[in-house]
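Notes follow once the structure below has been shown.
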Amino acid sequence: MPDTLQRQRVIPGELIFQEGESASCAYVIESGTVAITTSRGGSEVMLAALHAGDVFGEMALIDDKPRSATVRAVDPATLIILGREQVQRKLEGADPLIKLFMRVILRRLRRTSGLVGDGALTIGDGRLEDSADDTAFRSLRQQAIEMLDRERSLEQGLERGEFEVFFQPMVSLANGCATGFEAVLRWHLADGSMREPATFIPLAEEAGLIARLTRTVLKGACEAILPLQDAVTMSCPAAAPPFVSLNLSAGELHEATLVEAILGALGAAAVDPSNLQVEVTESVLMDDPEQAARVLRRLKSHGITVGVDDFGTGYSSLSYLQHLPVDVLKIDRSFITAMPGSSGSRKIVRAVARLARELELVTVAEGVEHANELALVRECGCDLAQGFLFAPPQSLADTLDIARQRFALLSLAG
Ligand code: C2E
Ligand code: CMP
Ligand code: CA
Ligand code: CA
């Protein structure tokens, strides 16, 4: 493993930094010993001796204050330097509750060890609010409370059954039959409004609730498979039974129980695994390709198919198409939208369709809204299309209604 961390070697008695100075880094002691001292009433008081493995200089970086104590080497020591910018980027990106708790702990430490103000030993009254950085502290506390509130309302929504699975057809460009249906979540709030995934999926991921949401979609998706297949049989008796696909988030491929949960939901709905597809984005695949390969191969061994979502927008290395068991490429809406006005986009879509055919993958054009886009994606050789032109995502009942009729490609394409 490369070790690019900066180090500092110090000799016995050497000053590392002094109380009151501004801070540019924190340290991990690799070897040796340092002494932490503070001045009280004109004399130097020893606070601690720290050894290999200990960390120091972190306090000033956490709450942006001057050094609370002086640090000197006791014997020859090697220190690993953690730069201020890098540490602060991490701290900034941390969860608001963790940031708040860190500040609280630090304030208590400063109070109880008399490290506040001029260094005179003071016993705090335990209250955390009275100093100059109160504004920052209050806003941190507010952020943490609001985040917990949003997460709790999501959890309550799950408990109260406020989530509904909607479905959107993927239509065969050869015959207008619905070949598949993508399951997407909707959240019905108590006030009657409806929220779309962009407003709650990131929150669910952050709150560790995504697996529970996925269980909800999984149940709804599996239970919808047979009714959707019955409906399509009425419009397209000769067509293969349609599949239902569901979206997996980053991190879900790491979850040990995912495959069992999927197989369990399929079993409970008495449907064959070959009727289910999972959609993952390229970034989810590339996050940990080995783990992704393991999970997708297990799904594949049961007959579940795999679609690459938003194809063309991620950090894509085409080599994964060789190594991962992928069945479907869903060409991102941005390319489809651009097609009428951009020959470059048309070329890309045509090339992707050709590549897919070569690799025996199915292509889906995402976000087809207009007749001219439909004509272009057909001409470019896509297999399926999904978009508002055919149907928006809607409730199972509404989807069953439209699925009983075949989509009229020619009249739509004008
Ligand atoms: P996605 O997987 O790319 O899903 C397609 C999104 O495009 C859906 O948005 C759909 O409403 C929208 N769409 C479909 N046709 C058209 C069109 O013709 N024009 C336009 N402008 N948009 C169209 P939705 O339902 O808001 O979902 C947004 C994203 O949220 C999804 O993008 C997916 O990444 C995520 N998502 C949705 N449901 C779930 C879920 O159950 N689990 C997870 N992990 N993610 C989900
Ligand atoms: P900082 O305030 O950045 O610089 C001085 C460092 O000394 C401080 O971070 C802590 O890492 C460390 N320090 C302060 N007080 C104590 C203590 N009571 N015991 C051990 N280490 C301390
Ligand atoms: Ca999707
Ligand atoms: Ca997509």
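This note's numbering numbers the first residue of the sequence shown as 163 and each following residue consecutively. Don't be surprised by glycine CBs; every beta carbon is placed ideally from N, CA and C.
- When the Cα atoms are used, Phe552 and Phe569 turn out to be separated by approximately 7 Å.
- Taking Ser445 as reference, the option from Met264, Leu480, Pro174 and Met501 with the minimal CA-CA separation is Leu480.
- In the displayed model, His350 falls within a strand according to three-state DSSP.
- Between Ile191 and Ala214 a beta carbon distance of about 5 Å is seen, short of the 8 Å cut, so the two are scored as contacting.
- In the structure shown, the three-state DSSP call for Arg322 is coil.
- Between Leu380 and Val421 a beta carbon distance of about 12 Å is seen, past the 8 Å cut, so the two are scored as non-contacting.
- As the crow flies, the alpha-carbon of Thr443 is around 46 Å from that of Arg272.
- If the five residues before and after Ala306 are omitted, its C-beta is found closer than 6 Å to the C-beta atoms of Pro258, Leu259 and Leu262, all from its own chain and listed in chain order.
- Contact annotation: Asn437 and Pro389 have beta-carbon atoms that are not nearer than 9 Å.
- Contact annotation: Arg251 and Glu176 have beta-carbon atoms that are not nearer than 9 Å.
- Below 8 Å, enough C-beta pairs join the segment 195 to 205 and the segment 224 to 234 to call them touching: three or more.
- Judged by pairs of C-beta atoms under 8 Å, the segment 501 to 510 touches the segment 527 to 542, as three or more such pairs exist.
- Secondary-structure assignment with DSSP links Arg312 through no beta bridge to anything.
- Annotated three-state conformation of Tyr189 is strand, per DSSP.
- Proximity of the beta carbon of Lys227 to ligand 2 is indicated: a heavy atom of the ligand is located closer than 8 Å.
- For Asp296, the closest alpha carbon among the candidates Asp563, Phe325 and Asp226 is that of Asp226.
- Assigned with DSSP and collapsed to three states, Asp216 falls in coil, not helix or strand.
- With contacts defined by Cβ atoms closer than 9 Å, Ala533 and Val511 do not form a contacting pair.
- For the 9 Å CB-CB criterion, Cys384 and Ala412 do not form a contact.
- Taking 8 Å as the cut-off, one finds at least one heavy atom of ligand 1 near enough to the beta carbon of Asn409.
- Nearest in C-alpha terms to Gln484, of all of Ile466, Glu522, Ala513 and Gly474, is Glu522.
- Taking the CA atoms as reference points, Val530 sits about 26 Å from Ser355.
- Placement of the Cβ of Lys252 at a distance of 8 Å or more from every heavy atom of ligand 3 is found.
- Within the segment 455 to 492, the complete beta strand (DSSP E) segments of 3 residues or longer fall at 467 to 473, listed in chain order.
- Closest in alpha carbon position to Asp353, among Glu324, Ser463 and Phe329, is Glu324.
- Val217 and Tyr189 do touch by the CB rule: their CB atoms are close to 7 Å apart, below 8 Å.
- For Thr499, the secondary structure class from DSSP, reduced to helix, strand or coil, is helix.
- Met396 and Gly338 have their alpha carbons spaced roughly 13 Å apart.
- Near ligand 4, residues with a Cβ at less than 6 Å from any of the ligand's heavy atoms are Asp471, Asp472, Lys492 and Glu528; the list follows chain order.
- Beta-bridge pairing by DSSP links Leu177 to Arg234.
- About 14 Å separates the CB atoms of Met448 and Gly474; that is not less than 8 Å, and the two are not in contact.
- Rounded to the nearest angstrom, the Cβ distance from Leu347 to Pro359 is 5 Å, consistent with a contact under 8 Å.
- Using a cutoff of 8 Å, the CB of Ile363 counts as near ligand 1, since one of the ligand's heavy atoms is closer than that.
- Collapsing the DSSP output to three states places Ala369 in a helix.
- For Leu271, the three-state secondary structure derived from DSSP is helix.
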